[in-house]
Amino acid sequence: MEDSFLQPEKWIARYGDYLFSLAMIKTGNREVAQDLVQETFFSAVKGKDTFNGLSSEKTWLTSILNNKVIDYYRKKDVLKDAGNYLEATDESFHEAFFNPAPDVYGHWRKDTAPQAWADDADSAMKRSEFYKILQLCISRMPPKLIPVFVAKYIDEENSEKICKDFGLSSSNYWIMIHRAKVLMRSCLERNWFNS
Amino acid sequence: MRYYLFRKTVFDCKKATMLIIKKENGEASAWEQIQVFYHNIYCKVCRRFVQQSRLLNSIFGTLDQHEYENPSHTLPDQLRNSLQTLIDQQKK
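Just so you know, the sequences run in chain order A and L. Quick note on numbering: the numbering used here labels position 183 of the first sequence as 284, and the sequence is numbered without any gaps. Quick note on numbering: the numbering used here labels position 18 of the second sequence as 226, and the sequence is numbered without any gaps.
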């Protein structure tokens, strides 16, 4: 039940595992996830008078957690020097998916090009195992891509806010989103759709 | 002429997929959209990428609700209890 008023005594039962799972997916670290969930509930208890009832209790708590996650990444400086990182890794990304110069430069490599999928998406979403694979593929992404990928595709944040939150230029942001999507597509194809 | 247009507009699949992703977010310029259009006329693999990318967008967005209904991780008991105690104390 999603109410427009808060019932703090039920928070842990209702949202404890949910928020902890989100924190685990986003940080990939149990200790950190515990800290972030704890801080989230601390802030929520302290700030419960600021809840305006415009969003649901669940949305409100999730947004507090999301801000903690962003702070965590900022403090860790995960996205520092994003430009240099992208430049330094451009070649290995290119080589993994696209043909090198000079022949048919930039076209998909035969062995990693998108294949037709054997399993359809609807049946995937009905199965809990699929979400385990999805989380596995997130955790295997290069660490710098994870915060951006999660904000964009899991939280469905808008691009402008993500760039601002992580101090990214628009062009670096699109390069990261592109790489993350190509990697995720490939990982899910190998481990789920055509496995 | 066709080949000329192809060469003129259709660079490589790496660039095309980047523009495809910008396009699906409504962030591609008119010229970029034309480039994707021409590229995809000739490139079956990138047409497939468009479809799969769209599908993945809708799947990714369901992870949050899935975790709410079937959380993949369980809050450790010790933390669960201490947080519940904290909240109960605040109420008094």
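All residues carry an ideal CB built from backbone N, CA and C; glycine is no exception.
Phe199(A) carries a strand assignment under DSSP once its states are collapsed to helix, strand and coil. Trp209(A) is bridged by DSSP to Phe199(A). Annotation for Asn295(A): Gln216, Trp218, Ala219 place their beta carbon closer than 7 Å to its own, counting only its chain and skipping 5 residues before and after. Between Thr128(A) and Val170(A) the beta-carbon gap is near 7 Å, inside 8 Å, which marks them as a contact. Among the residues facing chain A, Ser237(L) is not included, as its CB has no counterpart in that chain under 8 Å away. In the DSSP assignment, His247(L) falls within the unbroken alpha helix (DSSP H) covering 238-250. Counting along the chain, the unbroken alpha helix (DSSP H) around Gly117(A) starts and ends at 112-128.
When only Cα atoms are considered, Gly154(A) and Gly148(A) end up about 13 Å apart. Between the alpha carbons of Phe257(L) and Tyr276(L) lies a distance of about 30 Å. For the options Ala214(A), Asp182(A), Leu137(A), Val133(A), the alpha carbon positioned closest to that of Glu290(A) is the one of Ala214(A). One finds Leu283, Leu287, Leu291 in chain L with Cβ atoms closer than 9 Å to the Cβ of Val138(A), taken in chain order.
In this structure Phe194(A) touches Arg280(A) by the C-beta definition: roughly 6 Å separates them, less than 8 Å. Interface criterion not met: the Cβ of Gly129(A) is under 8 Å from no Cβ in chain L. Neighbours of Asn278(L) across chain A, judged by C-beta separation under 7 Å: Ser229.
Cβ-Cβ separation between Ala183(A) and Lys245(A): approximately 7 Å, consistent with a contact (criterion under 8 Å). Cα atoms of Ser156(A) and Ala222(A): separation of roughly 30 Å, rounded to the nearest angstrom.
The beta carbon of Gln241(L) does not come within 8 Å of any beta carbon belonging to chain A, so the residue lies off that interface.
Ile228(L) is classed as buried because its beta carbon has at least 16 other beta carbons within 10 Å across all chains shown. Shown here, Pro284(L) sits in coil according to DSSP, grouped into three states, outside any helix or strand.
By the neighbour-count criterion, in which a residue is buried when 16 or more other Cβ atoms sit within 10 angstroms of its Cβ, Ala202(A) is exposed. About 24 Å separates the beta carbons of Tyr186(A) and Leu137(A), which is beyond the 8 Å limit, so they are not a contact pair.
Taking a C-beta distance under 8 Å as the contact criterion, Leu291(L) and Phe152(A) do not qualify as a contact pair.
When Cβ-Cβ separations below 8 Å define contact, Glu110(A) makes contact with chain L. For the pair Ser164(A) and Met277(A), the Cα-to-Cα distance works out to about 23 Å. The beta carbon of Gly148(A) sits no closer than 8 Å to any beta carbon of chain L. Within chain L, no residue has its CB atom less than 8 Å from the CB of Phe267(A), the nearest being about 17 Å off. Taking a beta-carbon distance threshold of 8 Å, Lys231(L) does not count as an interface residue toward chain A. Along the segment 235-267 of chain A, the positions whose C-beta sits under 7 Å from a C-beta of chain L are Leu235, Gln236, Tyr254, Ile255, Glu257, Ser260, read in chain order.
One thing to note: Ile126(A) has its Cβ no nearer than 8 Å to the Cβ of Ile234(A). The closest CA to that of Leu269(A), considering only Pro248(A), Asp256(A), Lys282(A), Lys111(A), is found on Pro248(A). Nearest C-alpha to Gln273(L) among Gly207(A), Lys227(A), Lys211(A), Ser260(A): Lys227(A).
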